[in-house]
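**Q**
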Amino acid sequence: MLFVKISVITIWLLRKSQAFQLQGTLKYYDSAEKFRLNYNGNAKEEYDGVDVNTETDHGNYLDNNSGYDDDGETGLENVYDGLEESLSEQKEVYNENFETSTSRNEDYKNVKISQDFYDRLVYFSKVCAMTSCISDNLIKENKTFAEGGCPGHLKFCKDPIDNPTYTRTRIEMVLSADKGELGTGYVIVDHKRKVVIIAFRGSSTRQDWFSDFQIYPVDYEPASLVAYNKLVNKRIIPECHNCKIHRGFYRFKETLGPLFLDKIEAIFNKYPDYRAVVSGHSLGAAMASITGIELKLRGYNPIVLTYATPRMFNTEMREWIDTIFSTDQIHYTSVSKGVVDYNHCDKGGYFRVVHNQDYIPMVPPFYEAAGLELFINKIELPHTIDDVEYRGHKKTYFEDITKLNTVNHVEDWLHTYEHRAYFILIEGCHNI
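All residue numbers for the sequence shown refer to the numbering used here, where the first residue is 5 and numbers rise by one.
#1: What are the partner residues of P276, as DSSP defines its beta bridges?
#2: What whole-angstrom Cβ distance do Y363 and W324 have, given they're in contact under 8 Å?
#3: Just reading off the alpha helix (DSSP H) that I297 is part of, what are its end residues?
#4: Let me confirm a value: K248 is counted as buried when at least 16 other C-beta atoms fall within 10 Å, else exposed. Which label applies?
#5: Please state whether DSSP places T400 in a helix, a strand or coil.
#6: Answer with buried or exposed for N146, where buried requires no fewer than 16 other C-beta atoms within 10 angstroms of its C-beta.
#7: Shortest alpha-carbon distance to H348 belongs to which of M316, P306, A373?
#8: Note down the Cα distance separating K238 from P168, rounded to an integer number of angstroms.
#9: What is the DSSP secondary structure of P365, counted as helix, strand or coil?
#10: Quick check on the burial criterion: 16 or more other C-beta atoms within 10 angstroms. Buried or exposed for L378?
#11: Measuring alpha carbon to alpha carbon, tell me which of V282, P155, K398, L125 ends up nearest H439.
#12: Compute the Euclidean distance between the alpha carbons of D140 and I201, then round it to the nearest angstrom.
#13: Taking the beta strand (DSSP E) that R437 falls in, what are its first and last residues?
#14: Mind checking which residues open and close the alpha helix (DSSP H) that includes D326?
#15: Assuming V131 and S283 are in contact, meaning their beta carbons sit under 8 Å apart, how far apart are those beta carbons, in whole angstroms?
#16: Do you know how far the Cα of R174 is from the Cα of V230?
#17: Look at the Cβ atom of A312, then the Cβ atom of H423, and state whether they are nearer than 8 Å.
#18: Does the separation of the CB atoms of G206 and H335 fall below 8 Å?
#19: Select from P226, G252, K257 the residue whose C-alpha is nearest the C-alpha of H245.
#20: Thinking C-beta only, is V115 closer than 8 Å to G375?
#21: Determine, using beta carbons only, whether I138 and V199 come nearer to each other than 8 Å.
#22: With burial defined as no fewer than 16 other Cβ atoms inside 10 Å of the residue's Cβ, what is the status of N318: buried or exposed?
#23: In the structure shown, what three-state DSSP assignment does K407 receive?
#24: Please classify S340 as buried or exposed, where buried requires at least 16 neighbouring CB atoms within 10 angstroms.
#25: Return the residue from the list H397, L287, P242, M366 that minimises the CA-CA distance to S136.
#26: Secondary structure at A270, three-state DSSP: helix, strand or coil?
#27: Helix, strand or coil, according to DSSP, for K248 in the structure here?
#28: Is the distance from the Cβ of T310 to the Cβ of V357 below 8 Å?
#29: Taking D123 as the reference, which of D390, K351, H250, K398 has the closest Cα?
#30: Assuming K196 contacts R172 (C-beta within less than 8 Å), just tell me the rounded distance between them.
#31: Are Y112 and Y394 touching if we call contact CB-CB under 8 Å?
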């Protein structure tokens, strides 16, 4: 029952986000207006008598909300009926005002993806997929792939054609989140490519799912606060003023403490000439984004490369992230040279890959995505270099997003083929 309630609330807010973009207001729903006001910085906005800024269990928050009781009179049925009625009225206007994904790409249709960058997109997708093997204790620290560091049944761990560097890639650290925490992943070092890679797993446990839908925003404070203050005081980076972040994803900060970061930093210090890449798929992409920011504040220049990244920042924080990762400079270089290339990221970078008809990067509502977008325009695998489009700072919207008007769609999105197909099919510890 809790998940159904959360699903309805998420879909409801998505629809109201669309209305806000089209009408400039959320006057149709008073409770959605309260959520927006809280999102924009009001300190103690009350949502039907429940303080959404507290650390109250989100499930209890929903259960105690009198607007969502089970008597059928003022409960979920009425909310959903109102949503359907409003949606039908707005649908024609919505389709007229929102551009399709194809038309939004006209400015950069001549900007190509370099072969080297495409190869890395495929490679890091496989690295992300292999995080699923952690649950079965199949990733072993202090071993190369060839020595049994990863499962022998995977081509990626043993096939020189599929992965030419498997004999020189070593598992340095496995990150297994404790119960109630987020952040399962690993750190590997590819000595042939001279890159240190941190990869995080997508949603798999009940706790992961719970955090995915804790959608209300909280103030952002870096885990590396001392480093952040030094950079701001020296005017190396701007202050992140009024920055807010999705609460569910930000719970990762409980895992991303100084000890965790110090261990990663020790690995980087062993290989000072290596590049740093932080990656992940779905929920793992959100974890990668947060980790990449922390490493940037600590003086490293990571490339954040994510797949199916959900939205998680308010406008101020999105702009701040794009500033510290120099995405404008990377964009202008790519457009002027007519090619997106790994070598354009000497000072780090932030890229997110979106697959055609994957709706997870469209949600949650009221949030924004940072970084430069790479769009896979072909639904079916395989995805070749010609299937990848550069879209820069533009945000993809799908023309048929309004068809998703049933309670179960939020859960369905996480299991769709389009959400799992990113150069390979990312599902479990197989087919990698």
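The beta-carbon is built from N, C-alpha and C at its ideal position, and this holds for glycine as well.
Just so it is clear, the structure is predicted and the values come from calculations on it, not from any experiment.
**A** Taking the structure as given:
#1: Sequence index remark: in the sequence shown, residue 276 carries index 272 (1-based). Secondary-structure assignment with DSSP links P276 through no beta bridge to anything.
#2: Position 359 of the sequence shown, counted from the start, is the residue given in the question as residue 363. Position 320 of the sequence shown, counted from the start, is the residue given in the question as residue 324. Beta-carbon to beta-carbon, Y363 and W324 are separated by about 26 Å, too far to satisfy the 8 Å threshold.
#3: For the purposes of this step, residue 297 is taken as the residue at position 293 of the sequence shown. Element bounds for I297: 287–301.
#4: For this step, residue 248 is matched to residue 244 along the sequence shown. Counting Cβ neighbours within 10 Å, K248 comes out buried, since at least 16 surround it.
#5: Within the sequence shown, numbered from 1, the residue matching residue 400 stands at position 396. In the structure shown, T400 sits in coil (DSSP, three-state: anything other than H, G, I, E or B).
#6: In the sequence shown, counting from the first residue as 1, residue 146 sits at position 142. Label assigned to N146: exposed.
#7: The residue labelled residue 348 in the question sits at position 344 within the sequence shown. For the set M316, P306, A373, the Cα lying nearest the Cα of H348 is the one of P306.
#8: For the purposes of this step, residue 238 is taken as residue 234 along the sequence shown, with counting starting at 1. For the purposes of this step, residue 168 is taken as residue 164 along the sequence shown, with counting starting at 1. Using only the alpha carbons, I get a separation of about 44 Å.
#9: Position 361 of the sequence shown, counted from the first residue, corresponds to residue 365. In the structure shown, P365 adopts helical secondary structure according to DSSP, grouped into three states.
#10: Your numbering for residue 378 matches position 374 in the sequence shown. Residue environment analysis places L378 among the buried positions, since at least 16 neighbouring C-beta atoms fall within 10 angstroms of its C-beta.
#11: Because residue 439 is not part of the residues shown, which for the chain are 5 to 436, the question remains open.
#12: Against the sequence shown, residue 140 aligns to sequence position 136. Against the sequence shown, residue 201 aligns to sequence position 197. Straight-line Cα distance between these residues: approximately 21 Å.
#13: Shown here, the chain extends from 5 to 436; a query on residue 437 therefore has no answer.
#14: Numbered from 1 along the sequence shown, position 322 holds the residue referred to as residue 326. The continuous alpha helix (DSSP H) containing D326 extends over residues 319–328.
#15: Residue numbering aside, residue 131 sits at position 127 when the sequence shown is read from its first letter. Residue numbering aside, residue 283 sits at position 279 when the sequence shown is read from its first letter. About 6 Å separates the CB atoms of V131 and S283; that is less than 8 Å, so the two are in contact.
#16: Taking the first residue of the sequence shown as position 1, residue 230 is located at position 226. Taking the first residue of the sequence shown as position 1, residue 174 is located at position 170. Between V230 and R174, the C-alpha separation is close to 32 Å.
#17: Residue mapping note: residue 312 aligns to position 308 of the sequence shown, counting from 1. Residue mapping note: residue 423 aligns to position 419 of the sequence shown, counting from 1. Cβ atoms of A312 and H423: closer than 8 Å.
#18: Position 202 of the sequence shown, counting from 1, holds the residue named residue 206. Position 331 of the sequence shown, counting from 1, holds the residue named residue 335. Not a contact, by the Cβ cut-off of 8 Å.
#19: In the sequence shown, residue 245 corresponds to position 241, counting from 1. Ranking P226, G252, K257 by Cα distance to H245 puts P226 first.
#20: Stepping through the sequence shown from its first residue, residue 375 is reached at position 371. Stepping through the sequence shown from its first residue, residue 115 is reached at position 111. Going by C-beta atoms, G375 is not nearer than 8 Å to V115.
#21: For this step, residue 138 is matched to residue 134 along the sequence shown. For this step, residue 199 is matched to residue 195 along the sequence shown. V199 is positioned such that its CB atom lies no closer than 8 Å to that of I138.
#22: As a first step, residue 318 must be located in the sequence shown, where it is residue number 314. Answer is buried; the Cβ neighbour count reaches 16.
#23: For the purposes of this step, residue 407 is taken as the residue at position 403 of the sequence shown. At K407 the pLDDT is 49, less than 50, meaning the model places this residue with poor confidence; the figure from the coordinates comes in the next sentence. Secondary structure of K407 (DSSP, three-state): helix.
#24: Position 336 of the sequence shown, counted from the first residue, corresponds to residue 340. Answer is exposed; the Cβ neighbour count stays below 16.
#25: Working through the sequence shown from its first residue, we reach residue 136 at position 132. A check of alpha carbon separations from S136 across H397, L287, P242, M366 identifies L287 as the nearest.
#26: Residue numbering aside, residue 270 sits at position 266 when the sequence shown is read from its first letter. Note: A270 maps to helix in three-state DSSP.
#27: Counted from its first residue, the sequence shown places residue 248 at position 244. In the structure shown, K248 sits in a strand (DSSP, three-state: E or B).
#28: In the sequence shown, residue 310 corresponds to position 306, counting from 1. In the sequence shown, residue 357 corresponds to position 353, counting from 1. Against a cut-off of 8 Å, the Cβ pair of V357 and T310 comes out as a contact.
#29: Within the sequence shown, numbered from 1, the residue matching residue 123 stands at position 119. When each option's Cα is compared against that of D123, the closest is D390.
#30: As a working note, residue 196 is residue 192 in the sequence shown. As a working note, residue 172 is residue 168 in the sequence shown. The Cβ separation is near 5 Å, so the contact holds.
#31: Residue mapping note: residue 112 aligns to position 108 of the sequence shown, counting from 1. Residue mapping note: residue 394 aligns to position 390 of the sequence shown, counting from 1. Their beta carbons are under 8 Å apart, which means Y112 touches Y394 by this criterion.
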